[in-house]
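> Under this note's numbering, the first residue of the sequence shown is numbered 61, with each subsequent residue one higher. For glycine and all other residues, C-beta sits at the position ideal for the given N, C-alpha and C. All figures in this text were calculated on a predicted structure; none of them were measured in a lab.
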Amino acid sequence: LVARLQESRPFFDLLAKSIVNAATMTLKMHMGADLDSDATDNFTGTEEFGISASSPSGLSMPGKIVSGAMTAGPGTMTIPIPLGTTPVNVSLKLAQAKGALTTSTLTGGQINGAIPMTEVNATLLPAMATMLDDQYKTGDASIKALLKGLFDSNGDGTISTAEIKNNLIIGLFLKADVDTDGDKKMDAMSAGLGFTGVSCKIK
61 LVARLQESRP FFDLLAKSIV NAATMTLKMH MGADLDSDAT DNFTGTEEFG ISASSPSGLS
121 MPGKIVSGAM TAGPGTMTIP IPLGTTPVNV SLKLAQAKGA LTTSTLTGGQ INGAIPMTEV
181 NATLLPAMAT MLDDQYKTGD ASIKALLKGL FDSNGDGTIS TAEIKNNLII GLFLKADVDT
241 DGDKKMDAMS AGLGFTGVSC KIK
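The structure is reproduced here in structure tokens:
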């Protein structure tokens, strides 16, 4: 299945004896490559894709299928978050996935888990700063005024990672609220997203 996950292209390779009922199954994840570079046909259900050279390997989760409803996890996944023109890939710990299966589609898909704060700080926040800074510098007057008031705390005409990290509004959402290693310390940020998928061919 190629998933429509915020317009990025993750792939799920579902290994099961049946898509109706299966006591055990494995859900593998890859990042895809659009072989014909034509995004308009990616969700036809018959499109052929490759696996990206930068795709993480070894990402799989156990699960089961009951009456066409798939559940998988917990495990580790990589999810693309669309910030600017290029999605940012981050790890999702304690990940769980679910969705309703047919022979050609997955609907009502949902992925939940926790993004480590190390990746929030090192990857997610810098990408957010770059995206907002670009809008700050190229947007119209109303956008510039809004972003200046919200993020450019030192008035230097640039939105930095530090300004994003220290912003009170951002801090309400991007904060540690999950303990992923059992040491009773919150080390990751909970995250969840919905998706749909269609069948595809992987070359």
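1. For Leu74, which residues of its own chain have a beta-carbon under 6 Å away from its beta-carbon, when the five flanking residues on both sides are left out?
2. Just reading off the alpha helix (DSSP H) that Glu223 is part of, what are its end residues?
3. Would you check whether the ligand PLP has a heavy atom nearer than 7 Å to the C-beta of Ser250?
4. Measuring CA to CA, which of Met137, Ala83, Ala182, Ser259 is closest to Lys225?
5. From what residue to what residue does the alpha helix (DSSP H) around Ala205 run?
6. Using a 10 Å radius around the Cβ and a threshold of 16 neighbouring Cβ atoms, would you call Lys153 buried or exposed?
7. Between the beta-carbon of Pro122 and the beta-carbon of Thr138, is there less than 8 Å?
8. Which one of Ile219, Lys197, Gln156, Ile175 has the shortest CA to CA distance from Pro186?
9. Pick helix, strand or coil for Glu107, following the three-state DSSP scheme.
10. Taking DSSP's pairing of strands, which residues face Asn172 in a bridge?
11. Let's see if you can read the secondary structure: which residues bound the alpha helix (DSSP H) around Leu95?
12. From the DSSP output, which residues share a beta bridge with Val80?
13. Between which two residues does the alpha helix (DSSP H) holding Gly231 run?
According to the structure data:
1. Leu87
2. 221 to 225
3. The ligand PLP is absent from the structure shown, which contains no ligands of any kind.
4. Ala182
5. 201 to 210
6. buried
7. no
8. Ile219
9. coil
10. Gln156, Gly252
11. Counting along the chain, Leu95 falls outside any alpha helix (DSSP H), and DSSP gives it neither H nor E.
12. Answer is none; Val80 lacks a bridge partner.
13. 228 to 233
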